[in-house]
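Novice: Line order of the protein sequences matches chains W and P. Going by the working numbering, 150 is the number at position 150 of the first sequence; the sequence numbering is gapless. Going by the working numbering, 80 is the number at position 80 of the second sequence; the sequence numbering is gapless. Glycine residues also receive a C-beta, built at the ideal position from the N, C-alpha and C atoms.
Number of protein chains: 2
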Amino acid sequence: MATLSYTPIGRVHSTRKNPTDDFWDHENASIELDPAQFSPEALLGLVDFSHVEVLFHMNQVDPSKVEKSARHPRGNIDWPKVGIFAQRAKNRPNPIGTTVCRIIECAGLTLTLEGLDAVDGSPVIDLKPWVAEFAPRGKTFQPKWISELMEKYWK
Amino acid sequence: MATLSYTPIGRVHSTRKNPTDDFWDHENASIELDPAQFSPEALLGLVDFSHVEVLFHMNQVDPSKVEKSARHPRGNIDWPKVGIFAQRAKNRPNPIGTTVCRIIECAGLTLTLEGLDAVDGSPVIDLKPWVAEFAPRGKTFQPKWISELMEKYWK
Numbered sequence: 001m002a003t004l005s006y007t008p009i010g011r012v013h014s015t016r017k018n019p020t021d022d023f024w025d026h027e028n029a030s031i032e033l034d035p036a037q038f039s040p041e042a043l044l045g046l047v048d049f050s051h052v053e054v055l056f057h058m059n060q061v062d063p064s065k066v067e068k069s070a071r072h073p074r075g076n077i078d079w080p081k082v083g084i085f086a087q088r089a090k091n092r093p094n095p096i097g098t099t100v101c102r103i104i105e106c107a108g109l110t111l112t113l114e115g116l117d118a119v120d121g122s123p124v125i126d127l128k129p130w131v132a133e134f135a136p137r138g139k140t141f142q143p144k145w146i147s148e149l150m151e152k153y154w155k
Numbered sequence: 001m002a003t004l005s006y007t008p009i010g011r012v013h014s015t016r017k018n019p020t021d022d023f024w025d026h027e028n029a030s031i032e033l034d035p036a037q038f039s040p041e042a043l044l045g046l047v048d049f050s051h052v053e054v055l056f057h058m059n060q061v062d063p064s065k066v067e068k069s070a071r072h073p074r075g076n077i078d079w080p081k082v083g084i085f086a087q088r089a090k091n092r093p094n095p096i097g098t099t100v101c102r103i104i105e106c107a108g109l110t111l112t113l114e115g116l117d118a119v120d121g122s123p124v125i126d127l128k129p130w131v132a133e134f135a136p137r138g139k140t141f142q143p144k145w146i147s148e149l150m151e152k153y154w155k
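(1) Looking at C-beta atoms only, is the number of pairs between the segment 63–75 of chain P and the segment 98–105 of chain W that lie closer than 8 Å three or more?
(2) Quick one: is W:H57 near chain P, going by C-beta distance under 9 Å?
(3) Determine the contact status of W:I125 and P:I96, defining contact as a CB-CB distance below 9 Å.
(4) Check the C-beta distance from P:K128 over to P:E53 and give it rounded, since I have them as a contact under 8 Å.
(5) Output yes or no for whether 9 Å exceeds the beta carbon distance between P:N169 and P:V61.
(6) How close, in whole Å, do the beta carbons of W:D22 and W:Y153 come, if the pair is a contact with beta carbons under 8 Å?
(7) Do you know how far the Cα of W:F56 is from the Cα of W:S30?
(8) In this structure, how does DSSP classify P:D126 when only helix, strand and coil are distinguished?
(9) Could you round the C-beta distance between W:V100 and P:P136 to whole angstroms and report it? I think they count as a contact, below 8 Å.
(10) Using CA atoms only, rank isn't needed, just tell me which of P:A2, P:R74, P:R11, P:V82 is closest to P:P143.
(11) Which value, in whole angstroms, describes the spacing of the CA atoms of P:G75 and W:S64?
(12) Got a sec, what are the start and stop residues for the beta strand (DSSP E) P:I96 sits in?
(13) With DSSP as the reference, identify every bridge partner of P:E151, one or two as the case may be.
(14) Which residue marks the beginning of the beta strand (DSSP E) containing W:L4, and which one marks its end?
(15) So with Cβ pairs under 9 Å, would you call P:L127 a contact of chain W?
(16) Looking at the structure shown, is P:F85 part of a helix, part of a strand, or coil, going by DSSP?
(17) Does W:N87 come within less than 9 Å of chain P when only Cβ atoms are used?
(18) Can you tell me which of P:A132, P:I146, P:G138, P:S147 puts its alpha carbon nearest to the alpha carbon of W:T140?
(19) Across which residues does DSSP place W:T110 in a beta bridge pair?
(20) Between the Cα of W:S147 and those of W:H13, W:A118, W:P73, W:W130, spot the shortest distance and give me the residue it belongs to.
(21) Taking a contact to mean a Cβ-Cβ separation below 9 Å, would you say P:M1 touches W:T20 in this structure?
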């Protein structure tokens, strides 16, 4: 299939310099749009939304560690072996993160966020406002292992 | 900034052939993983989640229509002029859609979904399980114009 190419729209600034797991709420993060491509107009009205979905490239992923099949999440054999598309792990075929963050401030080309699990310097691919009608519809459920994995993810 | 390149992991099959707005719940959709790259193992355990987040390339976007600044959503002057990153419109710098869909069935390399707003043939970039801990945290709000825009989006 034909390769897809994208130009980053900006970059992440974060107090997290290395791609370690967990405790992301301890970090401060912002996004700066590329001034060569954008003016502050591109963010006009975004602060009228509570949250924004950030698409970012996980540029510190080691290509030799990418999983294309199934594995135990985080190598933990207490959890079942599951497919890479049943996990949100970074070592995936196309290492794009998508995270819904709370908007703190928008000033010029800089967007200050809460809850961004991206390391410093990550290229940003897209920003989309969080819209209630795009939330999962109907009953939601998830397996026990992922709830356990997420226990220390944020705090 | 350096271009980012991704190889699609599969393709969308949908009864929607053209990128028209609204009424997406009238369509049937599935995703087929690329058999040259993946085995059914890559989807192992995904059906233990109720929903999956689909990242897809909106390949029918006309590059000459891409908005990099601000505009009235859908050209409707009754709605305020807002920045492209305060909209989820397809005519955006990097035309990637992210939609949370209900999982109906997973058989071999084929995933049957409900609520996928991607046209037939769209390249799929990634699949991630919907995880409750990644939902927006804290109070959510959005402007009136987007709630109006979404009224006929699904049904």
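Specialist: Taking the geometry as given:
(1) Taking 8 Å as the limit for Cβ pairs, the verdict is that the segment 98–105 of chain W does not touch the segment 63–75 of chain P.
(2) Cβ-Cβ to chain P under 9 Å: yes for W:H57.
(3) Between W:I125 and P:I96, the CB-CB gap stays under 9 Å.
(4) Contact holds; Cβ gap of about 5 Å.
(5) This structure leaves residue 169 of chain P out entirely; chain P is present only between 1 and 155.
(6) Contact check for W:D22 and W:Y153: beta-carbon distance about 6 Å, within the 8 Å limit, so the pair qualifies.
(7) Distance between the alpha carbons of W:S30 and W:F56: 12 Å.
(8) In the structure shown, P:D126 sits in a strand (DSSP, three-state: E or B).
(9) About 5 Å separates the two Cβ atoms, so the contact holds.
(10) The candidate whose alpha carbon is nearest that of P:P143 is P:V82.
(11) C-alpha separation (whole angstroms): 46 Å.
(12) That run of the beta strand (DSSP E) goes 96–107.
(13) Paired residues: none, contrary to the question.
(14) DSSP places W:L4 in the uninterrupted beta strand (DSSP E) bounded by 4–6.
(15) Interface residue, yes.
(16) P:F85: helix per DSSP, three-state reduction.
(17) Strictly speaking, residue 87 of chain W in this sequence is Gln, with Asn absent from that position. Yes, W:Q87 counts as interfacial toward chain P.
(18) For the options P:A132, P:I146, P:G138, P:S147, the alpha carbon positioned closest to that of W:T140 is the one of P:A132.
(19) In the DSSP assignment, W:T110 is bridged to W:E32, W:A107.
(20) Comparing C-alpha distances from W:S147 to each of W:H13, W:A118, W:P73, W:W130 shows the shortest one belongs to W:P73.
(21) No, the pair does not count as a contact, with Cβ atoms beyond the cut-off.
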